[in-house]
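Sequential numbering from 4 applies to the sequence shown in the working numbering.
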Amino acid sequence: MKQLIAKQCKGQNPNERELFHETKGEAIDGILNDGFDDRYWGPNFGKGKWGHGAYFTDNPSVSHRYTEANPLDQTHIIYYNKVVLGKESILNELNNELISAR
């Protein structure tokens, strides 16, 4: 994926950053074993405020707000990831019809 995005950026920096991602209990093992799989971001899996896709932030407090505590031990799971963003877009209005880059 990193090579694909670098190719799409044509000689520019592919914009790799270290970011946080929150998750709920049922997704922990899936992400750990298979990574962030966009097949699970489709219309049957709900839309976020910015459309379908994985959400990342540079602020762990923001991620923490979207986690759910494990009922057994009250822990929260947040992944710390290297993410290749490619070309970024700045959005000023919510739009839950957007889809993730492929």
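Positions of the beta carbon are idealized from the N, C-alpha and C atoms, including for glycine.
Discussion item. If contacts are defined as beta-carbon pairs under 8 Å, then N18 and V87 qualify, I think. What distance do you get, rounded to the angstrom?
Written reply: 7 Å
### Span of the beta strand (DSSP E), counted from its first residue to its last, around R20
E19 to T26
Inset, instruction - Closer than 7 Å by C-beta to K90: which residues in its own chain qualify, once you throw out the five before and the five after it? Chain order, please. - result: C12
- Mapping DSSP to helix, strand and coil, what is N84? strand
- Go through its chain and collect everything with a Cβ distance to W53's Cβ below 8 Å, but skip five positions before and after it. L94, L97, N98, N99 and L101
Practice item. Taking only the alpha-carbon atoms, compute the straight-line gap between Y69 and Q6 and give it to the nearest angstrom. Key: 31 Å
Check: Apart from the five residues just before and just after L22, which ones in its own chain have a Cβ nearer than 7 Å to its Cβ?
Finding: F59, T60, D61, N84 and V86
Rounded to a whole number of angstroms, what is the C-alpha to C-alpha distance between S92 and A57?
-> 15 Å
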